[in-house]
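Beneath this line is the structure, given in structure tokens, with notes to follow.
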Amino acid sequence: MRQLRPALRLTTLAAASGLLCMGAAQAQQPNAGPTPSTSVPQALASTTQLETVVVTGIRKSLETSVNLKRSSSGLVDGIVAEDIGKFPDTNLAESLSRISGVSIDRSNGEGTRVTVRGMGPDFNLVLLNGRQMPASSIDGSAPSSRSFDFSNLASDGVAALEVYKTSRASSPTGGMGATINVRTQRPFDIKETIAQVGVKLVSDQSARRLPGEEQGKNATPELSGIYSTQSNDGMFGIALMGTYQVRDSGYSQANVSSGWKTFDGIKDNDWSGSNAVWGGLPPASSGDIKNRPTANSIYSVPQNMNYSFTGVHRERLNGQLVLQMRPVKDVVGTLDFIMSEQKFRQRRNDISAWFNYGGQFGEYQQGSPSSPIIYGERMTNSDLAMGASRIQTKNKNQQIGLNLKWKATDALNFDFDAHHATATSGANDPLGTSVTLGTASLNRNDTYVDFSNKFPVLNIKGTTLDPKLMELQGSVFGNSYQKNEVNQIQTKGNWKIDADSSLDFGLSLTEVKNRSAFANVQRDTWGGGAAGGPSAMPDDIWKVDSISKYFSRIPGSNDPRLFNQFFYFNFEDLRAAAIKALGSDSLLKASFNFTDDYRTTEKSQALFGQYNLAWDWGVPMDLSAGLRYERTKVHSPSVESVPSTVRWVSANEIPITFNGTTNASRDGKYGYALPSIDWSADLSADWKVRASYGKTIGRPGWNAIQGGRTLNGLARIDGGSGSVGNPDLKPLQSNNLDFSSEYYYAKSSYVAASYFRKSLKDYNEAVITPQTIAGITTPIGGGYFQKAVQLGKCAANDSGCIRDYIFANFAGQPGVDAANKIITAQPTDPLLVFQMGTFQNNERTSKLNGIELNAQHIFGNTGFGVSANFTKVRSNLSYDNNKAGAQTNVLVGLGDSGNLVGFYENETWTTRLAYNWRGKFLAANYGGVEGAQPLYVEPYGQFDLSVGYNFDKNLRLQFEAINLTDQYTRTHLRNENQIGAVTQLGRRIMIGARYKF
């Protein structure tokens with residue numbers, strides 16, 4: 001029997017706070033999350049209470065983290081608190097982004113969701129103290145995502161973030177990229193009595209780069225407090241933690257908010273031929289389009305151009321209560337309650353120019369895919385749209401859990417855990433979650449957009465703003481709701497068979513309930529005289545402002561051709577004027593009677609076993625081999641809105657009226673055996689290699705499996721759209737291989753490289769099928785429509801001409817309301833074709849490959865250190881930009897990332913300068929037909945600076961600057977000219993103090 005190497009008796013709390021700086025160190029973790037089993041002493045440590053060593057200095061932390069990295073099995077990275085109540089970043093997602101292979105999605109300049117090794121947010125499982133976390137969000141309709149939003153949690157009460165990149169039999173399923181465990185503070189870990197308070201002032205530059213109605217305060221407060229103690233005999237402990245944070249911020253955005261249409265080059269707008277489509281460009285013979293795309297290319301046209309200005313006010317409240325008891329020496333009980341509440345209030349003004357695909361002119365790029373350099377349309381007295389929005393939502397998370405650890409004998413340990421957790425997102429406003437009022441002046445003439453620069457430049461010929469021309473248009477009062485609930489029981493055990501081997505085993509029962517609901521109150525009255533005309537709106541509510549000054553950081557925003565003016569106005573003032581004009585508020589408030597209501601329940605049972613062995617074959621080796629079997633049943637009842645009437649209210653606005661609801665229900669089930677193997681060997685005193693294999697699954701999004709049918713309430717000239725779920729959809733499967741080599745050339749300094757490969761199958765592909773619904777017809781192509789084309793000599797794509805002819809010649813006939821400019825579908829009209837999206841499993845096997853490179857160097861005793869990491873990911877699940885139509889084998893989140901960090905530390909000062917970079921990646925894959933598009937986030941890099949000063953042993957002062965160089969973000973579709981959005985943000989400065997009593 002070989003002599004075992006001594007196990008390191010340290011929790012991740014002892015790991016370096018500098019793991020933040022490195023993003024490279026991999027650490028042995030305690031049993032709060034999935035436990036890496038290595039040599040026998042480490043395997044035993046996974047089920048017993050470890051000694052906790054608290055290290056607060058960066059250099060000492062780095063030294064400890066390297067030792068932990070060397071002794072771990074599989075690939076595990078971690079970030080830990082620098083001290084009690086002091087996490088390296090104020091945002092947990094931003095901390096995670098320092099780890100190799102981890103990149104983040106940002107919202108309003110703050111990290112929210114994470115992608116790991118190219119696997120998007122929905123394919124990474126987030127645990128809280130080893131327990132499955134519920135997740136909820138608001139997305140403008142019935143919410144669907146499983147991904148956890150890290151902005152809900154303040155960092156002050158977090159002890160560590162643990163990232164498990166290779167699978168374990170003991171890990172819950174769902175983490176294909178990684179399983180991320182958020183571990184909170186425990187009084188038995190802290191040991192001593194502590195009491196401390198913290199205060200910060202936060203100044204966000206973006207809050208002041210807005211029109212007056214949206215501007216926030218110059219500085220907002222953050223408060224935090226922690227108290228923890230245990231009895232003298234160590235038999236009882238209690239910890240209380242709380243934070244309250246307020247942040248005012250904002251952003252200005254230029255975007256094609258209604259998307260683009262993409263066609264094969266052969267498609268045009270010549271309705272006398274056979275290739276005409278609504279939105280197609282004029283044929284080359286017309287001479288209207290310079291470099292008109294050729295027949296063997298594809299091209300895209302925008303549906304609108306929009307500039308928006310949004311102010312955001314956020315309040316975040318977090319609290320934790322932890323009770324621990326050791327009634328006898330070998331039993332430890334922990335009861336904990338954790339809550340978070342986040343309230344958002346947003347105010348937005350915008351200006352839009354819509355395109356109706358008539359009188360087109362411009363210039364296109366050569367080659368394929370081809371996007372416009374300039375796209376324009378000739379028009380007279382069209383609408384110049386301006387809107388005001390109000391969004392008020394609340395996210396609330398609660399978890400209560402009980403954990404019992406029992407050391408039955410020296411060789412046998414048990415862990416029992418039960419918890420109930422909920423996440424709820426919904427309205428914090430009686431008007432709904434997202435409400436918009438539209439206005440317009442009907443004096444817009446020839447319009448074009450120049451897309452050749454980073455900033456798209458809108459030009460409108462011979463048009464000026466005039467408050468006397470402003471009139472009320474349509475409105476949308478939407479109300480979204482999501483509640484996600486997790487009930488889970490887990491039992492684990494560890495049996496020490498002998499000095500060289502052990503067995504981990506356990507079972508779990510998990511029930512996840514999800515409710516996604518939505519209601520929409522929409523007033524679809526557009527065009528001149530829609531609500532009493534300009535005279536119905538008071539002139540004094542409109543305030544003129546310029547556009548370019550809110551985009552000063554973005555190249556091209558100072559272009560003199562820009563239509564550089566808009567009206568901003570107060571939402572409440574406009575709504576009051578609208579109620580007066582309409583005589584009622586019935587269409588100006590949301591409904592809390594959810595007409596689309598989808599409920600899904602997943603019940604899973606799992607059983608696992610894992611054998612751990614340590615031995616010598618010339619060099620020390622460790623092996624952990626396990627198997628997890630999990631089966632899941634899905635039940636999804638729903639309430640669906642029933643469509644009744646279709647009305648044509650403006651050139652390209654065809655709203656659908658719903659009347660009543662119907663019930664439906666669908667079911668599904670699946671089961672999987674998931675093996676995992678971790679092996680490691682010390683080839684020399686300085687060189688370690690690892691290899692891992694595991695099979696994992698990623699569960700489908702709620703929208704993919706919820707049983708109901710959803711019809712979008714607004715159809716277009718080319719038809720309607722909607723979706724229907726598939727509860728029998730199987731999870732995405734992945735067979736994973738990982739190889740790693742690490743060389744430790746000096747104390748706390750090393751280089752490491754790893755290679756990972758994922759073989760993916762049962763990909764959840766979105767498919768689009770045309771469907772009709774009995775009795776639901778459309779005026780497009782109907783009798784009146786055909787007579788306007790045949791007798792009125794209107795082009796089939798000239799909706800303005802067709803409507804004018806119908807109102808002039810068929811006023812008062814069935815379905816024709818000339819006074820209100822509405823044409824209602826008749827029973828003899830064609831059936832409305834809905835492009836319905838659903839999901840199915842694709843049997844194709846796809847590959848994902850990547851490398852991670854890490855380096856860390858400490859410059860002796862100088863106090864200086866540097867670290868860097870880089871991750872490169874490649875896959876055949878990439879989007880084909882040169883192919884029109886929906887694409888299914890596409891992986892969202894795929895992209896490269898890297899970090900470069902330098903730091904200095906002595907007894908008084910701590911300074912860290914970090915650069916985080918993420919390469920171009922696919923953020924979304926929009927379905928549809930002509931509207932099917934990829935959405936790429938362009939490469940983004942950000943510098944962050946933090947400086948700490950220890951005034952004395954009790955008082956620490958802190959300065960932080962986020963987005964130090966004031967970067968902006970930009971998205972595009974098939975190429976850079978086909979812009980999605982460009983967003984100006986700002987720096988965020990924080991000054992704070994933390995005092996220990």
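Here the working numbering is used: the first residue of the sequence shown is 1, the next is one more, and so on. Just so you know, even glycine gets a beta-carbon here, dropped at the ideal spot from N, CA and C. Note that the structure is predicted; figures quoted are calculated from it, not measured.
#1: May I ask you to report which of helix, strand or coil DSSP gives Arg70?
#2: In chain order, what residues of the same chain have a beta carbon less than 6 Å from the beta carbon of Lys394, not counting five sequence neighbours either side?
#3: What is the C-beta distance between Trp260 and Ser308, in whole angstroms, given that I count them as a contact (C-beta under 8 Å)?
#4: For Asp539, which residues from the same chain have a beta carbon less than 7 Å from its beta carbon, with the 5 sequence-adjacent residues on both sides left out?
#5: Does the distance from the C-beta atom of Ser591 to that of Arg631 stay below 9 Å?
#6: Taking Tyr743 and Trp687 to be in contact with their CB atoms under 8 Å, please state how far apart those CB atoms are, rounded to whole angstroms.
#7: What does the Cβ neighbour count give for Pro934, buried or exposed, with the cut at 16 atoms within 10 Å?
#8: Would you call Gln786 buried or exposed, if buried means 16 or more other Cβ atoms sit within 10 Å of its Cβ?
#9: Taking all protein chains shown into account, decide if Gln26 is buried (16 or more other Cβ within 10 angstroms of its Cβ) or exposed.
#10: Can you tell which of Pro283, Val833 and Asp264 has the C-alpha that lies nearest to the C-alpha of Gly273?
#11: So Arg553 packs on Asp966, CB below 8 Å; how close in whole Å?
#12: Would you mind working out which of Ile806, Ile776, Pro327 and Thr777 sits nearest Gln790, comparing C-alpha positions?
#13: Return the chain-ordered ranges of every beta strand (DSSP E) run that is complete within the stretch 712-739 and spans a minimum of 3 residues.
#14: Go through the stretch 758-791 residue by residue and report every complete run of the alpha helix (DSSP H) that reaches 4 residues or more, in order.
#15: By a C-beta neighbour count over all protein chains shown, 10 Å radius and 16 as the cutoff for buried, is Ala955 buried or exposed?
#16: Within the same chain, show all residues whose beta-carbon is closer than 7 Å to that of Ala1032, passing over the 5 residues directly before and after it, in chain order.
#17: Taking only three categories from DSSP, how would you classify Asp417?
#18: Could you check what DSSP says for Ala178 in three-state terms: helix, strand or coil?
#19: Determine the contact status of Pro620 and Asp678, defining contact as a CB-CB distance below 9 Å.
#20: On the DSSP bridge assignment, give the partners of Lys603 in chain order.
#21: Between which residues of its own chain and Asp944 is the CB-CB distance below 6 Å, once the five residues before and five after are set aside?
#22: Give me the Cα-Cα distance between Ile979 and Ser371, rounded to the nearest whole angstrom.
#23: At a threshold of 8 Å, does Asp966 count as lining the ligand NAP (C-beta to nearest heavy atom)?
#24: Give the range of the beta strand (DSSP E) segment to which Trp617 is assigned.
#25: Between Val246 and Gly319, what straight-line distance do the alpha-carbon atoms span, to the nearest angstrom?
#26: Helix or strand or just coil, what does DSSP make of Gln205?
#27: Would you decide whether Lys999 is buried or exposed? Buried here means 16 or more other CB atoms lie within 10 Å of its CB.
#28: Could you have a look at Pro302 and say whether DSSP puts it in helix, strand or coil?
#29: May I ask you to report which of helix, strand or coil DSSP gives Trp702?
#30: Quick one: measure Cβ to Cβ for Ser846 and Asn484, integer angstroms, because I've assumed they're closer than 8 Å.
#31: Pull up the distance between the alpha-carbon of Val114 and that of Ser73, whole angstroms please.
#32: How would you label Lys730, buried or exposed, when you count the other beta carbons within 10 angstroms and need 16 or more for buried?
#33: When the distance is taken between beta carbons, is Ser151 closer than 9 Å to Glu213?
#34: Reducing DSSP to helix, strand and coil, say where Tyr995 ends up.
#35: Output needed for Asn304: all residues of its chain with C-beta closer than 8 Å, excluding positions within five of it in sequence on either side, in chain order.
#36: Between the Cα of Gly998 and those of Arg994, Thr772, Ser546 and Asn809, spot the shortest distance and give me the residue it belongs to.
The short version:
#1: The residue labelled residue 70 in the question sits at position 70 within the sequence shown. Three-state result, Arg70: helix.
#2: Here the question's residue 394 lines up with position 394 in the sequence shown. Lys343 and Asn428, listed in sequence order.
#3: Within the sequence shown, the letter at position 260 stands for residue 260. Within the sequence shown, the letter at position 308 stands for residue 308. Their Cβ separation, rounded to whole angstroms, is 18 Å, which puts Trp260 and Ser308 out of contact at 8 Å.
#4: Residue mapping note: residue 539 aligns to position 539 of the sequence shown, counting from 1. Excluding sequence neighbours, Asp539 sits near Pro467 and Lys468.
#5: Here the question's residue 591 lines up with position 591 in the sequence shown. Here the question's residue 631 lines up with position 631 in the sequence shown. For Ser591 and Arg631, no; Cβs fall outside 9 Å.
#6: As a working mapping, residue 743 is identified with position 743 in the sequence shown. As a working mapping, residue 687 is identified with position 687 in the sequence shown. Yes, Tyr743 and Trp687 are in contact; Cβ-Cβ is about 5 Å, under 8 Å.
#7: Against the sequence shown, residue 934 aligns to sequence position 934. Classification for Pro934: buried.
#8: Indexing the sequence shown from 1 puts residue 786 at position 786. Counting the other Cβ atoms within 10 Å of the Cβ of Gln786 gives fewer than 16, which makes it exposed.
#9: Translated into the one-based positions of the sequence shown, residue 26 becomes position 26. The predicted model places Gln26 with a pLDDT of 32, which falls under 50 and marks its position as unreliable; any figure quoted below should be read in that light. Answer is buried; the Cβ neighbour count reaches 16.
#10: Numbered from 1 along the sequence shown, position 273 holds the residue referred to as residue 273. Out of Pro283, Val833 and Asp264, Pro283 has the C-alpha closest to the C-alpha of Gly273.
#11: Within the sequence shown, the letter at position 553 stands for residue 553. Within the sequence shown, the letter at position 966 stands for residue 966. Yes, they are in contact, since the Cβ atoms of Arg553 and Asp966 sit about 6 Å apart, within 8 Å.
#12: Start at 1 with the first residue of the sequence shown, and residue 790 comes out as number 790. Out of Ile806, Ile776, Pro327 and Thr777, Ile806 has the C-alpha closest to the C-alpha of Gln790.
#13: 720-724
#14: Taking only runs of at least 4 residues, the alpha helix (DSSP H) segments lying wholly in the stretch 758-791 are 783-790.
#15: Taking the first residue of the sequence shown as position 1, residue 955 is located at position 955. Before going on, a small fix: residue 955 reads as Leu here, not Ala. Leu955 is exposed by the Cβ-count criterion.
#16: Any answer about residue 1032 is impossible in this case: the structure gives the chain only from 1 up to 997.
#17: Taking the first residue of the sequence shown as 1, we reach residue 417 at position 417. Note: Asp417 maps to strand in three-state DSSP.
#18: If you number the sequence shown from 1, residue 178 lands on position 178. Of the three classes helix, strand and coil, the one that applies to Ala178 here is coil, per DSSP.
#19: Against the sequence shown, residue 620 aligns to sequence position 620. Against the sequence shown, residue 678 aligns to sequence position 678. The answer is no: Cβ separation not under 9 Å.
#20: The count along the sequence shown starts at 1 and reaches residue 603 at position 603. In DSSP, Lys603 forms a bridge with Glu511 and Lys633.
#21: Translated into positions along the sequence shown, residue 944 becomes position 944. Contacts found: Ala914 and Ile962.
#22: The sequence position of residue 979 within the sequence shown is 979, counting from 1. The sequence position of residue 371 within the sequence shown is 371, counting from 1. Approximately 9 Å between the Cα atoms of the pair.
#23: This structure simply doesn't include the ligand NAP, nor any ligand for that matter.
#24: Looking up residue 617 in the sequence shown gives position 617. For Trp617, no beta strand (DSSP E) encloses it, and the DSSP letter there is neither H nor E.
#25: On the sequence shown, residue 246 is found 246 positions in, with the first residue counted as 1. On the sequence shown, residue 319 is found 319 positions in, with the first residue counted as 1. In this model, Val246 and Gly319 are separated by some 15 Å (Cα to Cα).
#26: By 1-based counting over the sequence shown, the position of residue 205 is 205. Gln205 falls in the helix class under three-state DSSP.
#27: With the chain running from 1 to 997 in the structure shown, residue 999 is simply not present.
#28: One-based indexing of the sequence shown puts residue 302 at position 302. Looking at Pro302 - three-state DSSP - the assignment turns out to be strand.
#29: Taking the first residue of the sequence shown as 1, we reach residue 702 at position 702. Three-state result, Trp702: helix.
#30: Your numbering for residue 846 matches position 846 in the sequence shown. Your numbering for residue 484 matches position 484 in the sequence shown. Actually they do not touch by this definition, with Cβ atoms about 29 Å apart.
#31: Within the sequence shown, the letter at position 114 stands for residue 114. Within the sequence shown, the letter at position 73 stands for residue 73. Approximately 23 Å, taken between the alpha carbons.
#32: Position 730 of the sequence shown, counted from the start, is the residue given in the question as residue 730. Answer is buried; the Cβ neighbour count reaches 16.
#33: Against the sequence shown, residue 213 aligns to sequence position 213. Against the sequence shown, residue 151 aligns to sequence position 151. Against a cut-off of 9 Å, the Cβ pair of Ser151 and Glu213 comes out as no contact.
#34: Here residue 995 is taken as the residue at index 995 of the sequence shown, counted from 1. Of the three classes helix, strand and coil, the one that applies to Tyr995 here is strand, per DSSP.
#35: Taking the sequence shown and counting its residues from 1, the one referred to as residue 304 is at position 304. Hits under 8 Å: Val256, Ser257, Ser258, Ser352, Ala353, Trp354 and Phe355.
#36: No answer is possible for residue 998: it lies beyond the span of the chain, which begins at 1 and ends at 997.
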